[in-house]
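Numbering (the UniProt record's numbering), first residue to last: 1 to 528. We put the beta carbon where it would ideally sit given N, CA and C, even for glycine. Just so you know, these numbers come straight off a predicted model, no measurement behind them. Heads up: the structure comes next, in structure tokens.
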């Protein structure tokens with residue numbers, strides 16, 4: 001017997017109080033782009049009790065100003081619905097901020113220097129976000145590299161994709177009994193220090209933050225998200241105190257980010273036991289669904305392909321085999337839970353679509369394939385026909401440039417078949433944008449999409465923005481309260497210093513001037 005699963009979203013009703021009652025705050029003298037289906041424009045927005053009560057000309061909105069109304073003059077800036085990151089890991093974002101940020105490194109030597117500069121009393125020395133594919137010396141960090149940072153403290157450098165890491169001798173020694181031999185790279189029977197998949201998971205489990213540290217990480221990540229114009233996230237959490245910390249932050253009045261929690265599949269027993277279903281929760285913290293994997297990553301050559309890699313033997317590996325994925329999907333769907341399944345390679349995408357299509361109505365449950373990097377024409381049609389959501393990361397297009405990572409791993413022809421956002425959208429697929437915190441930056445992703453290396457896959461500015469707002473809201477059952485600037489919806493906005501429509505070739509350099517959540521200004525970057 002199926003439980004009562006959430007097949008439709010309960011609409012957030014428009015309050016029918018007098019349209020002449022004063023607004024709490026008015027944002028005026030702006031170029032308001034609603035990003036609704038017709039993307040209408042306006043001059044001003046009036047907000048009451050955290051909800052939009054009018055979107056109109058400045059003249060009309062002026063009538064809602066009262067004695068206590070706060071008036072925010074945006075000096076001609078562009079106001080949009082707040083960005084919603086449909087796939088991220090806020091704990092990881094916080095980890096970048098409080099540990100060594102290796103995403104800025106240009107070489108192995110840079111990484112070593114950044115790690116050596118860390119001045120704290122924590123046991124483990126941690127660095128996040130290196131991407132060797134952008135370096136002239138294009139190789140993974142090794143045990144020898146990291147031994148030069150410390151021979152007595154464990155050192156870990158996580159690759160940007162989070163499926164690959166490099167560790168020093170001390171870390172290998174401490175983890176010897178926890179990591180599977182097949183996920184440890186060796187040379188002459190000696191470990192190189194490079195580990196993948198389950199071995200990386202063992203590191204994450206070992207360094208799992210306590211509640212106090214998690215609080216620090218999530219607050220730091222929230223601040224960074226606000227600076228990027230992000231008002232909501234779908235956070236993928238595993239063996240983590242993040243859910244309890246999010247709820248504590250909300251109770252304490254410190255959470256100003258709408259969070260949907262997607263629990264890893266190894267939490268499924270607990271989620272079922274306490275009866276959580278998709279959309280349970282409050283205004284700021286809701287249950288998303290169950291997160292699973294199928295394959296790995298292109299960077300680690302562990303994404304599962306129908307044909308072999310261009311620069312190595314084999315066609316990747318299953319992280320979660322299809323039979324196990326089928327069981328997870330069936331259980332979660334029966335329990336009224338959306339499933340968000342990582343699938344990068346074409347063979348993995350097929351297995352995930354197959355699993356979803358075994359459920360009663362995958363489109364109504366809005367089951368999601370995360371990443372969808374190498375998708376075939378047949379799979380595109382399956383997305384469109386079933387309503388399954390393609391939850392994708394436009395910032396991954398940085399690897400799709402000629403002579404980039406995709407060229408190395410897949411070859412030039414398959415590289416052109418990656419990240420086919422135009423094809424998916426034109427077919428009628430549901431498209432949601434997120435970052436996977438690589439990096440957490442919607443404007444970078446939008447820029448990459450509008451200026452995609454394969455011209456035939458480019459989206460218009462409006463289409464790209466909608467995927468990061470309305471599309472992401474839809475993927476989280478939130479399209480009736482978030483994702484556009486319309487009367488009756490929540491007052492979550494991003495204000496930009498420049499217009500993406502006027503400078504489509506320079507979107508990544510547009511500054512976020514303001515971020516508004518529930519009608520409150522949570523970030524103000526306007527020059528004095």
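Put simply, of 89, 85, 488, 58 the residue whose alpha carbon is nearest the alpha carbon of residue 468 is 85.
In the three-state reduction of the DSSP assignment, residue 325 falls in the helix class, which pools H, G and I.
In this chain, the alpha helix (DSSP H) harbouring residue 223 covers 211-227. In the three-state scheme derived from DSSP, where H, G and I count as helix and E and B as strand, residue 117 is classed as coil.
When the Cα atoms are used, residue 419 and residue 372 turn out to be separated by approximately 7 Å. Contact between the stretch 62-82 and the stretch 482-493 is present, with at least three C-beta pairs closer than 8 Å. Between the alpha carbons of residue 214 and residue 61 lies a distance of about 42 Å. The Cβ atoms of residue 391 and residue 352 do not sit closer than 8 Å to each other.
Its Cα nearest to that of residue 24, the residue 72 stands out among 155, 448, 72, 56.
In this structure, residue 349 lies away from residue 355, with their beta-carbon atoms at least 8 Å apart.
Going by C-alpha positions, residue 447 is about 13 Å away from residue 511. In the DSSP assignment, residue 191 falls within the beta strand (DSSP E) that extends over 190-196.
For residue 202, the CB contacts under 7 Å within the same chain, skipping 5 residues up- and downstream, are 175, 178, 179 in chain order.
For the pair residue 301 and residue 318, the Cα-to-Cα distance works out to about 11 Å.
Between residue 125 and residue 150, the C-beta gap is smaller than 8 Å, which places the two residues in contact. Residue nearest to residue 329 within the set 303, 294, 243, 508 is 294 (criterion: CA-CA distance).
In the three-state scheme derived from DSSP, where H, G and I count as helix and E and B as strand, residue 274 is classed as helix. Boundaries cannot be given for residue 502, as no beta strand (DSSP E) includes it and DSSP labels it neither H nor E.
Residue environment analysis places residue 183 among the buried positions, since at least 16 neighbouring C-beta atoms fall within 10 angstroms of its C-beta. Beta-bridge annotation (DSSP): residue 496 is paired with 78, 512. In the DSSP annotation of this structure, residue 345 is not part of any beta strand (DSSP E), being labelled neither H nor E.
Nearest Cα to residue 166 within the set 193, 477, 172: 193. Counting only runs of at least 3 residues, the stretch 33-114 fully encloses the following beta strand (DSSP E) elements, listed from N- to C-terminal order: 44-48, 51-56, 70-73, 78-81, 83-88. As computed with DSSP, residue 430 is found in a beta bridge with 389.
In this chain, the beta strand (DSSP E) harbouring residue 126 covers 125-130. Contact between residue 465 and residue 395 is absent: CB atoms are separated by about 15 Å, not below the 8 Å threshold. Secondary structure of residue 445 (DSSP, three-state): helix.
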